[in-house]
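*Asks:*
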Amino acid sequence: MELRIATITDAEAIIAFDHVAASEPARIQFIYHQIELSACYVAVIDAKVVAYAVLNYKFYDNGWIEMLYVHPEFRRQGIGSALLHHLVNECRTPKLFTSTNQSNFPMQRLFAMLEFDRSGFIENLDEGDPELVYFKRLRDNANITNG
Ligand SMILES: CC(C)(COP(=O)(O)OP(=O)(O)OC[C@H]1O[C@@H](n2cnc3c(N)ncnc32)[C@H](O)[C@@H]1OP(=O)(O)O)[C@@H](O)C(=O)NCCC(=O)NCCS
Numbered sequence: 001m002e003l004r005i006a007t008i009t010d011a012e013a014i015i016a017f018d019h020v021a022a023s024e025p026a027r028i029q030f031i032y033h034q035i036e037l038s039a040c041y042v043a044v045i046d047a048k049v050v051a052y053a054v055l056n057y058k059f060y061d062n063g064w065i066e067m068l069y070v071h072p073e074f075r076r077q078g079i080g081s082a083l084l085h086h087l088v089n090e091c092r093t094p095k096l097f098t099s100t101n102q103s104n105f106p107m108q109r110l111f112a113m114l115e116f117d118r119s120g121f122i123e124n125l126d127e128g129d130p131e132l133v134y135f136k137r138l139r140d141n142a143n144i145t146n147g
């Protein structure tokens, strides 16, 4: 499996397996925009894009995993955890944050597996389904500066 920064030629493959993209044009714009920013990463097996993730620095200047999505036919094969682990290594800030809905049990297990800690929650985003914030300390503040 190859893990790398996405290029614009990966966009169509991502859009084809992200079911949200089928109904929400904003998701398509999001994917193109994150690729342009070099914030989008893909997992590739046999030249096929099987997952994508977005790592940017929008969360109070900290690393922020905004998206992790594995092709439905390729789940439970370790691809999500491999891509998440890759983002942990790629993150340029000492603190890495991410979040998921309280209803998203697979994602919560995945974060726990990679030793992310809970860091509060945000209500009133999705009605009746709070956003659970997760956090991972990557290295000592003394050794690195943001950006
Ligand atoms: C959540 C998601 C990224 C997991 O990707 P994946 O490639 O299937 O994950 P992995 O195979 O690396 O699984 C690692 C661990 O996560 C947990 N996990 C993953 N899928 C799970 C599921 N359906 N039910 C319970 N636990 C699950 C397990 O602990 C698993 O380890 P195990 O297989 O040894 O039990 C994938 O299901 C997905 O893309 N979901 C839709 C998009 C989404 O919800 N993204 C998150 C938005 S914040």
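1 is the number of the first residue of the sequence shown in the numbering used here; add one for each residue after it.
Just so it is clear, CB atoms sit at the ideal spot from N, CA and C, and this is done for glycine as well.
#1: Would I14 and Y60 qualify as a contact pair, given that the criterion is a beta-carbon distance under 8 Å?
#2: Are the Cβ atoms of L132 and C91 separated by less than 8 Å?
#3: How about L84 and L110: do their beta carbons lie closer than 8 Å?
#4: Starting from N89, trace the alpha helix (DSSP H) both ways and give me its first and last residue.
#5: Helix or strand or just coil, what does DSSP make of Y134?
#6: Using DSSP with H/G/I as helix, E/B as strand and the rest coil, what is D46?
#7: Could you tell me if the beta carbon of P106 falls within a distance shorter than 7 Å of some heavy atom in ligand 1?
#8: Could you tell me whether any non-hydrogen atom of ligand 3 is closer than 7 Å to the CB of T93?
#9: Could you pull out every residue in the same chain whose Cβ sits closer than 6 Å to the Cβ of D18, ignoring the five residues on either side in sequence?
#10: Does the Cβ of H71 have 16 or more other Cβ atoms within 10 Å, making it buried, or fewer, making it exposed?
#11: Can you name, in chain order, every residue of its own chain whose Cβ lies under 7 Å from the Cβ of E123, other than the five neighbours on each side?
#12: Could you check where the beta strand (DSSP E) with M1 kicks off and where it finishes?
#13: Can you list, in chain order, the residues of its chain whose CB lies under 7 Å from that of A16, leaving out five sequence neighbours each side?
#14: Within the continuous alpha helix (DSSP H) that includes L114, where are the two ends?
#15: Given this structure, state the Cα-to-Cα distance separating V88 from A47, to the nearest angstrom.
*Replies:* Let's see:
#1: no
#2: no
#3: yes
#4: 79-90
#5: strand
#6: coil
#7: yes
#8: For ligand 3, the structure offers nothing, since it holds only ligand 1.
#9: Y69
#10: buried
#11: Excluding sequence neighbours, E123 sits near P130.
#12: No beta strand (DSSP E) holds M1; DSSP gives it neither H nor E.
#13: none
#14: No alpha helix (DSSP H) holds L114; DSSP gives it neither H nor E.
#15: 24 Å
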